[in-house]
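Below is one structure; the comments refer to it alone.
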Amino acid sequence: MSSRVHFKGYKEKVTNVDFSALKAVVKLAEPYTCESEVNTFTLECMKELLELKEFQLPLQELWVVFDDSGEFDQTALAIEHVRFFYQYIWRSWDEEEDDEYDYFVRCVEPRLRLHYDILEDRVPSGLIVDYRNLLTQCEESYRKFLNLRSSLSNCNSDSEQENISMVEGLKLYSEIEQFKQKLKLIENPLLRYVFGYQKNSNIQAKGVRPSGQKVTHVVSSTMMSGLLWSLLRDRLCGEPFKEDTEIQFHSDPLSAINACYEGDTVIVCPGHYVVHGTFSIADSIKLEGYGLPDDIVIEKRGKGDTFVDCTGVDIKISSIKFVQHDAVEGILIIHRGKTTVENCVLQCETTGVTVRTSAEFLMKNSDLYGAKGAGLEIYPGSKCILSDNGIHHCKEGILIKDFLDEHYDIPEISMVNNVIHNNEGYGVVLVKPTIFSELKENDQDDTEGNEAIKIQTSREAGTAGRVDLEELIHCATDKKEIYGIAADLSKQVEGNCEIINELVAASTQKGQMKKKRLSELGITQADDNLMSQEMFVAIVGNQFKWNGKGSFGTFLF
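See the structure below:
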């Protein structure tokens, strides 16, 4: 392989490639040329740098010099592939993977799909933030783990501090495994949409208007005198006539909502309104349609996340049809507070309504359909009251989420006289994480075996040489006998037992992780006893018809 590459503006010639180390052996090409805008980086600096690096550079740091011959096109493409792989696909802990084919299926393919889903705006912004934060935390923990393991391997004396370091290393190891599992859940195109994540809303409430006045906002593309008279008579003034009522007119609903303060009312007149932004409702307001829902249509176009974001204490929405297009997240998200939707039509595209932790949602006499995900997503710790609604032609009717390793109160759900029909999956499905709950059960099942290991360790303590952290993890993973890790039994047996406790918990977890591949997770099963669970406060008069997989199910991930 021979090609010219850029490095800091100078041209170099690749003379050989160390494929095992993914490094290229380079030397400066003659005549020397520098195309860098930084004049301080001289030829002497370049030579000194190459000498320090022993004339070997990582392949991802090479850039092929363009020429018209096309001779190095394939070389340039290969280097770009290497650069892309190490920037977006490779993780430093992937070195522990053994099976190359299995690695490609479990890691490369889902990470590649996630990368392009993010580029093409198919992943919610909150989930992207979560993923990148988890990735940063995992990389930091893995770096600490490697440093700790290296310090232990270089230590020749047994001490209490060394035992403490081992326990810390095992805790880091367990933490890394949890981070890795969360990352895999988001990378998996199926599981990322059922994985519970907490999106933080930055919407700030305005509070009461400085003047203390409450305003009625009227939205109409064209205001005719007859319509205005009807509004004044029917909706605005009431009896007796309120001469001090302040009315503001708007041509689109988004500007009306943005102008609202606490206690305001927005009345949307019949018409078809197209919006390109998000309805961010942070104050307690009323959003009402003047007429039938099919006559008051608000359609969202343009790529983006949520259609309607609600964080107000008490929000009421009625008699409006919402139509969603080019969506990434749901048509309506209640982050906190209480939101009431009555006599509305929700034509979704991705998920429908999302009720997050600590939020309250009341939906009455409404129709929800078309979601490619769930029509209604209910998070732990929320409260939902559904009465006389239709939820249909979605992937799942109602999806009740749980979190991977966080504990919240169960949701409170009341369902009265709803018709949930023609959904692709289940009418109601409960999403449950099984990984760590199974690990806990396995830890309990293996108590006797763990005690045997501790006894054996105590008996042999002081008779064998030190064991480093990597060997401990390896032995515990394979459940081999572990011999003493300290020389002084009288001083360190108690500490060793603590180490073994941590060790066995981590090793059991690692063994379970290896057994459960992501392709094997996400198991759905019919669960006719689902509605008897404690989370359902009231279940009266509901109908479940023609749902693809049945009325009730459980999704295990």
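Counted from 1, the sequence shown has number 510 at position 510 by the UniProt record's numbering; the numbering is strictly sequential. The beta carbon of each residue, even a glycine, is placed where N, CA and C say it ideally should be.
- For R132, the closest alpha carbon among the candidates Y88, F104, C260 is that of Y88.
- When DSSP states are grouped into helix, strand and coil, C138 belongs to the helix group.
- By the Cβ test, the region 106-118 is not in contact with the region 140-147, since fewer than three Cβ pairs between them sit closer than 8 angstroms.
- Within the same chain, Cβ atoms closer than 8 angstroms to the Cβ of M535 are found at I400, I410, P411, E412, I413, the five residues on either side in sequence being excluded.
- CA-CA distance, H276 to G302, rounds to 6 angstroms.
- E349 carries a coil assignment under DSSP once its states are collapsed to helix, strand and coil.
- The secondary-structure analysis by DSSP pairs F249 across a beta bridge with V218.
- By the 16-neighbour rule on beta-carbons within 10 angstroms, M224 is exposed.
- E329 and T357 do not touch by the CB rule: their CB atoms are close to 16 angstroms apart, not below 8 angstroms.
- Residues of the same chain with a CB within less than 8 angstroms of the CB of N423, apart from the 5 flanking positions on each side, are G375, I391, H392, H393, C394, K395, E396, G397, N547, G548 in chain order.
- In the DSSP assignment, M46 falls within the alpha helix (DSSP H) that extends over 43-52.
- Going by C-alpha positions, I334 is about 26 angstroms away from Q543.
- The C-beta distance from D283 to E262 rounds to 4 angstroms, short enough to meet the 8 angstroms contact threshold.
- Annotated as distal: L146 and S165, with beta-carbon spacing of 7 angstroms or more.
- Under the DSSP definition of a beta bridge, W90 lacks any partner.
- If you ignore the 5 residues before and after V345, its C-beta comes within less than 6 angstroms of the C-beta of P293, K321, D367, all in its own chain and listed in chain order.
- Comparing alpha carbon positions, the residue from Q56, K53, L22, E80 closest to W63 is E80.
- At a Cβ-Cβ threshold of 7 angstroms, L134 and F179 count as neighbours.
- Counted as a single uninterrupted DSSP element, the beta strand (DSSP E) harbouring I334 occupies residues 332-334.
- Residue state for K432 is assigned as strand, using DSSP reduced to three classes.
- Only exposed fits T222, as fewer than 16 other CB atoms lie within 10 angstroms of its CB.
- Straight-line spacing of the CA atoms in T245 and V215 works out to 7 angstroms.
- Our two residues, L228 and A538, have alpha carbons roughly 43 angstroms apart in a direct line.
- Here the alpha carbon of H250 sits roughly 27 angstroms from the alpha carbon of G352.
- Taken atom to atom, the span from the alpha-carbon of Y273 to that of V297 is near 6 angstroms.
- Rounded to whole angstroms, the separation of the alpha carbons of I315 and A256 is 15 angstroms.
- Given a length threshold of 3 residues, each whole run of the beta strand (DSSP E) inside the region 359-415 is given here in chain order: 360-364, 367-369, 374-378, 383-387, 390-392, 396-400.
- Residue G337 holds the alpha-carbon nearest to the alpha-carbon of F361 among L28, A205, G337.
- Residue burial annotation: G553 is buried, with at least 16 other C-beta atoms found within 10 angstroms of its C-beta.
- Bounds of any alpha helix (DSSP H) do not take in D283, whose DSSP letter is neither H nor E.
- Straight through space, the alpha carbons of Y173 and K184 are spaced by roughly 17 angstroms.
- Sorting T354, A205, D102, D73 by C-alpha distance to the C-alpha of P124 places T354 at the top.
- Under the DSSP assignment, E299 falls in the beta strand (DSSP E) whose first and last residues are 296-300.
- Residues of the same chain with a CB within less than 6 angstroms of the CB of R209, apart from the 5 flanking positions on each side, are Y261 in chain order.
- Cβ neighbours of S318 within its own chain (closer than 7 angstroms, five residues either side excluded): E288, G289, E342, N343, C344.
- A Cβ-Cβ distance of about 24 angstroms is found for the pair D121 and C107, leaving them out of contact under the 8 angstroms criterion.
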